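Numbering (this note's numbering), first residue to last: 676 to 1161. Here a beta-carbon is modelled for each residue, glycine too, at the ideal position from N, C-alpha and C. Keep in mind it's a predicted model, so treat the numbers as computed, not measured. Worksheet for the structure shown next.
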Amino acid sequence: MGIAEWRGRLERGEVSARELTDQHLARIEAVEGTLHSFLEVTAERARADADRIDAARAAGESLPPLAGIPLAIKDNLCTKGIRTTCSSRMLEHFVPPYESTVTERLWQAGGILIGKTNLDEFAMGSSTETSAFGPSRNPWDPERVPGGSSGGSAAAVAAGECVASLGSDTGGSIRQPAAFCGVVGLKPTYGRVSRWGLVAFASSLDQVGPFSTSVADAAELLQVIAGEDRRDGTCLRAPVPDYSAALQAPVKGLRVGLVKECFEADGLDPQVKSSVLAAAAQLEALGCELVEVSCPRFNDGIATYYVIAPSEASANLARYDGVKYGYRSEQAGSLAEMTARSRAEGFGDEVQRRILIGTYALSAGYVDAYYKKAQQVRTLIRRDFDAAFGAVDVLLTPTSPTTAFRFGAHAEDPLAMYLADLLTIPANMAGLPAISLPCGFDDGGLPIGLQLITGVLEEPRLLQVAHHYEQAARVMDTRPTAALVP
Ligand code: GLN
């Protein structure tokens, strides 16, 4: 059930906020032993918040839109007084003294924090396998990864441990786990949502967004978290439109662009391809016009991303020096030795790999050959999008080249793991909004995700097309049974 249904039941007194919270806590209790979606479950706070909402309702107060809805938050978003670890030893004991803008807005809207979710360390990964606290599992098949880096947030929604959740997306970390777990995941336009209180990975790419079981819920959550924030200088001042109202507008006559390069990509699973093409045909049946478009620079996205993102990460992660906060090595030594040991012991392998790549790409003599070149290619990717949006209203691609893979499948080969981001990275490079939603299942019963992309700040159109497809296709009605998906 989604936000609107639960809100209706809460308003009619069919369920109390406390009961709703307890139901979700019971579900967490039942499945967490297998899934490990959460790093921390905030049961006490959730019950207290729910009781307060029930009391306010009983007193006849008018309540905000998310009043009583249990939500989970990726553990790289700062929550005041509640540990925020980024799944890293480095921040294992970090308790933020402040609240991120997005979570503050959720709590002001009445949302209830039920727990902090697992992720790849510092959001670097596509499977949650780089978490220092152990991976999360996919509710459709616990032998497989939930995707990443926001794998815990996706698994928690898919398994019914919360009604919705937040994640962050730098190169696909909302959309890819959404696809692997059969839920909706939205990455907004860069700057649409404040990054204040999101632990920085690659600041020119990072964006916060929701996971939900429906497009309508994604619209509701975006409504709450979007909008100007003076504490984030890259946050846009553009007014926030009514996203829920936008869902209903007819899609007849809209031009949907199928990005040729994405359907010809190396390693694209044929079942993923045919499922996404069937979704395109469904949009055509709804009156959309299908157009093939070419974005020749899309395939350069990964190479570009793996220069720019590690470069920015190496600068952002320089602050973990063993002095100000975070892990400090017990071993004595000079200041330089202490910092080096703290970083060697506090960061896992993948984070260290990214810092090394980034430091190299930014170093004197190489910065022009790598970083500057990557920024130039980034501009070319953006121009591909500009040209495409001259001809179509929305672009359609698979979200990920494959369905959820098995644990360890890419463990020895970082490059194979990086390829999982092939189709999601271009939208980050250009700062565009993009959504993943379920469009079918493979022979193994694993969900397949469809990605839609629109122009800057065109979330209304993005959500509208996604909603119409979702309502027409009713993909979840055809789902195979899976023990951990309600
Ligand atoms: N999988 C990509 C990476 O490892 C994207 C991560 C993200 O979006 N945070 O960098």
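Sub-8 Å separation of residue i and residue j beta-carbons
| i | j | result |
| --- | --- | --- |
| residue 1021 | residue 889 | no |
| residue 813 | residue 830 | yes |
| residue 1100 | residue 1114 | no |
| residue 738 | residue 688 | no |
| residue 1078 | residue 1107 | no |
| residue 969 | residue 811 | no |
| residue 835 | residue 1161 | yes |
| residue 911 | residue 866 | yes |
| residue 864 | residue 1071 | no |
| residue 747 | residue 725 | no |
| residue 788 | residue 682 | no |
| residue 839 | residue 869 | no |
| residue 1125 | residue 1073 | yes |
| residue 1003 | residue 1013 | yes |
| residue 891 | residue 922 | yes |
| residue 1105 | residue 1060 | yes |
| residue 877 | residue 988 | yes |
| residue 971 | residue 1025 | no |
| residue 823 | residue 803 | yes |
| residue 715 | residue 758 | yes |
| residue 745 | residue 699 | yes |
| residue 1032 | residue 1089 | no |
| residue 880 | residue 976 | no |
Three-way DSSP call (helix, strand, coil) for residue i in this model
| i | result |
| --- | --- |
| residue 744 | coil |
| residue 1100 | helix |
| residue 1126 | strand |
| residue 749 | strand |
| residue 856 | helix |
| residue 901 | strand |
| residue 1114 | strand |
| residue 844 | strand |
| residue 795 | coil |
| residue 983 | helix |
| residue 882 | strand |
| residue 950 | helix |
| residue 817 | coil |
| residue 909 | coil |
| residue 887 | strand |
| residue 977 | helix |
| residue 713 | strand |
| residue 1073 | strand |
| residue 839 | strand |
| residue 959 | helix |
| residue 730 | helix |
| residue 1086 | coil |
| residue 994 | helix |
| residue 1154 | coil |
| residue 873 | strand |
| residue 850 | helix |
N-terminal and C-terminal residue of the alpha helix (DSSP H) that residue i is part of
| i | result |
| --- | --- |
| residue 921 | 918-921 |
| residue 683 | 678-686 |
| residue 709 | 692-710 |
| residue 926 | Where residue 926 is concerned, there is no enclosing alpha helix (DSSP H), given that its DSSP letter is neither H nor E. |
| residue 781 | 776-783 |
| residue 1134 | 1134-1148 |
| residue 1027 | 1024-1037 |
| residue 938 | 935-938 |
| residue 1048 | 1048-1066 |
| residue 828 | 826-833 |
| residue 1045 | Counting along the chain, residue 1045 falls outside any alpha helix (DSSP H), and DSSP gives it neither H nor E. |
Host beta strand (DSSP E) of residue i (start-end)
| i | result |
| --- | --- |
| residue 792 | 787-792 |
| residue 860 | 859-862 |
| residue 1018 | Segment 1010-1021 is the alpha helix (DSSP H) holding residue 1018; no beta strand (DSSP E) there. |
| residue 965 | 964-968 |
Anticipated Cβ contact below 8 Å, residue i with residue j, distance rounded
| i | j | result |
| --- | --- | --- |
| residue 1139 | residue 926 | 7 Å |
| residue 852 | residue 821 | 6 Å |
| residue 917 | residue 1076 | That pair is no contact at about 35 Å. |
| residue 946 | residue 1068 | 27 Å between Cβ atoms; not a contact. |
| residue 931 | residue 903 | Their Cβ separation, rounded to whole angstroms, is 31 Å, which puts residue 931 and residue 903 out of contact at 8 Å. |
| residue 954 | residue 1110 | In fact, because the Cβ distance is near 13 Å, the residues do not count as touching under 8 Å. |
| residue 793 | residue 875 | The pair is not a contact, with the Cβ atoms about 19 Å apart (cut-off 8 Å). |
| residue 761 | residue 796 | 7 Å |
| residue 816 | residue 1137 | Rounded, the Cβ-Cβ distance is 29 Å, inconsistent with contact. |
| residue 807 | residue 1023 | 6 Å |
| residue 801 | residue 1092 | 6 Å |
Are there three or more Cβ pairs, one per stretch, closer than 8 Å when the segment 743-758 is compared with the segment 768-784?
yes
Counting Cβ pairs closer than 8 Å, one from the segment 724-737 and one from the segment 843-850, do we hit at least three?
no
Is the segment 897-907 in contact with the segment 991-1004, if contact means three or more CB pairs nearer than 8 Å?
no
Inter-stretch contact at 8 Å, needing at least 3 Cβ pairs: the segment 1048-1061 / the segment 980-991
yes
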